[in-house]
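The structure under discussion appears below in the form of structure tokens.
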Amino acid sequence: MELAGKHIVLGLTGGIACYKSAELCRLLVKAGATVQVVMTEAAEQFITPVTMQALSGRAVYTSQWDGREPNNMPHINLSREADAMLIAPCSADFIARLVQGRADELLSLMCLARPVERVPLLLAPAMNREMWAHPATQRNLAQVAADGAVVLGVGRGDQACGETGDGRMLEPAELLADLVAFFQPKVLAGRRVVVTAGPTFEALDPIRGITNHSSGKMGFAIARAAREAGAEVVVVAGPVSLATPRGVRRVDVKSARDMLAATQAEVPAADIFIATAAVADWRPLTQADQKIKKDGSGDAPTVAFTENPDILLTVAQSDRARSGALFCVGFAAESHDLVAHATAKRARKGIPLLVGNIGPLTFGQDDNQMLLVDAQGVQELPRASKTECARLLVREIARRLPGGIAT
Ligand code: C5P
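If you're matching positions, the sequence shown starts at 329 in the working numbering and goes up one per residue.
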């Protein structure tokens, strides 16, 4: 219910992408938002108000002369109560109308009449690639952005007209993610964040290896939350089957040594390093080039292990981390005596902030309970979904940064 309590005006303008707006409306409602659909006359050529009314559970408005409003002012009444207006699809013509401040039909009238400082306007453009690339469209987009609208960008690929290129409307799930992110406080704006996530895989031979049950969910939730908070985010991911959070760059790795190399390539440009990965402590000393076969003797092979590098410790000992230019955060998954173990681990790793949790209560789960350990002491956070935990952690990190934002 990531949009619980939010009231969204969903505006549809003329474009074949209107068929995706039905799904978008459903997703917004499922996320807990109340949705007021407003359609232009051109939008009604592509999808009916009946469909949108059924999905939103509210009567759709299409005219500035709608007599259902007692004061006959739908442009005032509908725009005042919105937490945001999202125009999806937003046609090239509608963007041009916004630039001119036109007010001769309900939706553009509402965009003009909305209280600009209180009701944000988000645009999801949708059009043919030539229309998108045309200097008039690009000029108009720059102008609406300068006037305060948030332009969400477009997708690339096959278009309804048979051409291929930029200009498709973003998918409904992408628009939902963008809207949810829009409402998050931008406490990490301008910061660069590197997150390690998931397990590592330490090969024994080309077929087999050693790994663990880490799902990567916590690390991916943190990457997402950091991105939503305005940061530029890279997730260095061990083998996990999770979708990359929107707007996050992903580097896939397998072994601890791969993860160390990828992390070291990324951290010199970062302000924050968050180590959530469950890195294997040991790897097989040797890796067979070919599959190790049973020889019929009944004897099992003996595997010798060697210790893996400690990625967090290595990064925390770098000059940038020591000087405070790189803020390092570690995780400790324990089975008991969490406070004692987490406090000791923070000291051992030499990091400003360590997050403790009880391993069996978090691995593979969708929720978690975190204990924050820093130089001031120990703070227990409430049990919550990993998404909520990640957002809380991001705020806690932000307020500990040099020049950080009070939250
Ligand atoms: O020492 P321990 O494995 O308990 O420490 C856990 C923390 O250290 C986590 O933040 C984990 O991501 C990080 N770590 C690491 N490289 C290792 C082992 C742990 O980055 N080889």
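Each residue gets a CB set at the ideal place from its N, CA and C atoms; glycine is no exception.
Owing to the predicted nature of the structure, the values given are computational and were not obtained by experimental measurement.
Cβ neighbour criterion (16 or more within 10 Å) applied to residue i
{"i": "M546", "result": "buried"}
{"i": "M413", "result": "buried"}
{"i": "E635", "result": "exposed"}
{"i": "R611", "result": "buried"}
{"i": "E560", "result": "buried"}
{"i": "E445", "result": "exposed"}
{"i": "L689", "result": "exposed"}
{"i": "V607", "result": "buried"}
{"i": "Q487", "result": "buried"}
{"i": "T528", "result": "buried"}
Nearest candidate by alpha-carbon position, reference residue i, set the options
{"i": "R577", "options": "F659, A590, G495 and A488", "result": "A590"}
{"i": "I423", "options": "L700, R408, D609 and C439", "result": "C439"}
{"i": "R585", "options": "I602, V564 and L437", "result": "V564"}
{"i": "A670", "options": "Q645, V706 and K348", "result": "V706"}
{"i": "A292", "options": "F691, N696 and G343", "result": "Examination of residue 292 is not possible in this model, given that the chain is present from 329 through 735 alone."}
{"i": "L682", "options": "A371, R727 and A672", "result": "A672"}
{"i": "P448", "options": "S713, H462 and F511", "result": "F511"}
{"i": "M329", "options": "L352, C346, L356 and K348", "result": "L356"}
{"i": "G495", "options": "P417, E372 and A431", "result": "P417"}
{"i": "A477", "options": "L451, G395, E458 and V508", "result": "L451"}
{"i": "T630", "options": "I620, I639 and T642", "result": "I620"}
{"i": "L570", "options": "G731, S349, R552 and E716", "result": "R552"}
{"i": "E433", "options": "R408, R674 and S391", "result": "S391"}
{"i": "E369", "options": "K334, V579 and L435", "result": "L435"}
{"i": "N685", "options": "S663, G678 and I725", "result": "S663"}
{"i": "I725", "options": "V508, C656 and F691", "result": "C656"}
Check whether the stretch 490-510 and the stretch 537-545 are in contact - that is, three or more C-beta pairs closer than 8 angstroms. no
Alpha helix (DSSP H) runs contained entirely in the stretch 393-455, provided each spans 4 or more residues: 402-408, 420-428 and 434-441
What are the complete beta strand (DSSP E) segments, minimum 3 residues, inside the stretch 344-403? 362-367
Which parts of the stretch 593-658 are runs of the beta strand (DSSP E), unbroken and 3 residues or longer, counting only runs that do not cross its ends? 600-603, 610-612 and 633-635
Would you call the stretch 692-703 and the stretch 717-726 touching, i.e. three or more CB-CB distances under 8 angstroms? yes
Per the contact definition of three or more C-beta pairs closer than 8 angstroms, is the stretch 469-480 in contact with the stretch 425-445? yes
At least 3 beta-carbon pairs within less than 8 angstroms: the stretch 370-388 vs the stretch 334-344: yes
Tell me the start and end of each unbroken alpha helix (DSSP H) in the stretch 514-566 that is at least 4 residues and wholly inside, in chain order. 545-556
Inside the stretch 647-714 only - beta strand (DSSP E) runs reaching at least 3 residues: 655-662, 681-686, 699-702 and 705-708
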